[in-house]
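Beneath this line is the structure, given in structure tokens, with notes to follow.
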Amino acid sequence: MTDPAHSTLDILSEAKIIVIKIGSVLVRGSELDQVNQSWLDALAQDVKALQDQGKKVVIVSSGGIALGRKALGISPNTAPDKIPLAQKQAASAVGQFHVFHGYHDAFEKLDIITAQVLLTVGDTENWRMNLNARETLYTLLERNIIPVINENDTVSTGEIRFGDNDRLAVRVGQMILADAVVLLSTIDGLFTSDPQKDPQAKHIPVIDQITEEHIKMGGDATAGLSTGGMKSKITAAISAIKSGIHLIITDGRPSHALKDLCEHAEKRSSIFISQYCDLSARQKWLGAHMQPKGVITIDDGAIQALHKGKSLLPVGVKSVDGDFKRGDPVEIRDGLGNRIAMGISAYSAEDANRLKGKQSREIPDILGFAGRDVLVHRNDMVLEV
Ligand code: GLU
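According to the numbering used here, the sequence shown is numbered sequentially starting from 116.
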């Protein structure tokens, strides 16, 4: 059996690109509208130590809404999901400044430049914008500038938000092909039940494979500042490990928690070990997609062909829904509505509709031009596991 502490140390020492997500509770100090500057200063020193080892580090930080609450008159006890969206967005507009200022000050003391990057789901769901954001992050990292990322809360609307930064951190990890995502939280990982309520709760240091049982162990977020909770961390972990990224959760509250995690085997954490992943960057991005532009429902023969590694041909398509263009991501479903794969459509919804059930050789006659033989090419597709 793997020595758990040893494997966390090993993984972090081998990782070249690391995303560190910091929860609101850690960023905010005892004053409602101020950052915990001494904690941030210690974190910046720990990040510098990683940089000095040649690693690239990206920070994903929450705290915008938490630090803007006071200005908006939102009670400290109101759970984030009970705050009306417009108030959250306004709070974030106030608080994000304080969050970034805190990081800027902490790193400036060490002569390290920071860059504020605010992302929306849309920026990462579009392949070209995703590549753009990736290039921006790589350009910063090459110069040892630390990107401090948050969701652009003021423009993200309810239905299309990441909502919690656990998910955003993993998405950023997928974007920059990170080796590990570390979630600095208020709990040192996954327990068999809620350790605050159950004294028998056992800590789980290594999760080689995420099972239904693990998913049940993740409760919801507790009231207060956090949006995530263990449930969202497990959802994030499922997505991370499928893309070949290790995900580690640890209690970030003690000063220098990151240094302890990297250097001391006794520092408690839970590590979700990544699966072997031979998907291309484009396929990883596709697999993590939240908002496909349409749905293509296929027959059993086509499902079998997909599982044998074949492309999706028009002949296997039963129906086409949505309004997508050529090159847009689409969900491929079976007749019962289950997701079989995500893929990039070689045809628009209108053309796909005209081609459904037809042989590929008929394409030029039907459309009046000779396009691709396949509706979704194998290389532009990722199957659900
Ligand atoms: N983007 C939110 C904020 O800065 C954080 C969401 C979360 O709690 O993860 O307040």
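Just so it is clear, CB atoms sit at the ideal spot from N, CA and C, and this is done for glycine as well.
Check	Outcome
Sequence-distant residues of its chain with Cβ nearer than 6 Å to Thr412 (five each side left out)	Lys433, Ser434 and Arg448
Spatially closest choice to Asn245 from Val287, Ile360 and His318, by CA coordinates	Val287
Segments assigned alpha helix (DSSP H), at least 4 residues, entirely inside the region 372-456	372-378, 396-402 and 415-422
Same chain, Cβ closer than 7 Å to Val296, five either side skipped, listed in chain order	Val134, Lys136, Ala284, Val285, Gly288, Ala355, Ile360 and Leu362
Proximity test, Glu257 beta-carbon vs the ligand GLU heavy atom, cut-off 8 Å	no
beta-carbon Gly179 near the ligand GLU non-hydrogen atom, thresh 8 Å	yes
Any non-hydrogen atom of the ligand MG closer than 8 Å to Asp279 Cβ	As for the ligand MG, it is missing from this structure, which binds only the ligand GLU.
Through-space distance from Met290 to Lys399, alpha-carbon basis	9 Å
Buried/exposed call for Lys131, threshold 16 Cβ in 10 Å	exposed
Val173 Cβ short of 8 Å to the ligand GLU heavy atom set	no
C-beta contact flag for Gln204 and Leu182 at 9 Å	no
As assigned by DSSP and simplified to three states, the class of Ile481	helix
Whether Ala159 touches Phe222 by CB criterion (9 Å)	yes
Whole-angstrom C-beta distance between Asp366 and Ile455, which should lie under 8 Å	Going by Cβ atoms, the distance from Ile455 to Asp366 rounds to 39 Å, so no, they are not a contact pair.
Buried/exposed call for Asn151, threshold 16 Cβ in 10 Å	buried
Whether Asp495 touches Ala461 by CB criterion (9 Å)	yes
Sequence-distant residues of the same chain with beta carbon closer than 6 Å to Gly179, five excluded per side	Ser207, Gly210, Gln211, Val214, Asn265 and Asp268
Check: Gln211 C-beta below 8 Å from any heavy atom of the ligand GLU	yes
Three-state class that DSSP yields for Lys171 in the structure shown	strand
Per DSSP, cross-strand counterpart(s) of Gly458	Val445 and Met496
Pro199 Cβ short of 8 Å to the ligand GLU heavy atom set	no
Beta-carbon gap between Val263 and Val232 smaller than 9 Å	yes
Buried versus exposed call for Ile418 [16 or more other C-beta atoms within 10 Å across all chains shown]	buried
Contact check, Ser358 vs Leu305, beta carbons under 9 Å	no
Pro262 - DSSP class collapsed to helix/strand/coil	strand
Simplified DSSP assignment, three categories, for Asp366	strand
Three-state class that DSSP yields for Met116 in the structure shown	In this prediction, Met116 scores a pLDDT of 43, lower than 50, which makes its location untrustworthy; no coordinate-derived value is stated.
Reduced DSSP secondary structure (H/G/I, E/B, other) of Lys357	helix
Assigned exposure category for Ser128 - 16 Cβ within 10 Å defines buried	exposed
Nearest candidate by alpha-carbon position, reference Asn280, set Val270, Asp294, Leu298 and Leu292	Leu298
Any non-hydrogen atom of the ligand GLU closer than 8 Å to Gly288 Cβ	no
Given Val489 as reference, the closest of Leu428, Lys440, Asn453 and Lys471 once Cα atoms are compared	Leu428
Sub-9 Å separation of Leu498 and His422 beta-carbons	yes
Nearest-angstrom Cα separation, counted from Trp154 out to Ser145	12 Å
Bridge partner(s) assigned by DSSP for Phe306	His318
Buried versus exposed, by CB contacts within 10 Å (16 or more), Pro314	exposed
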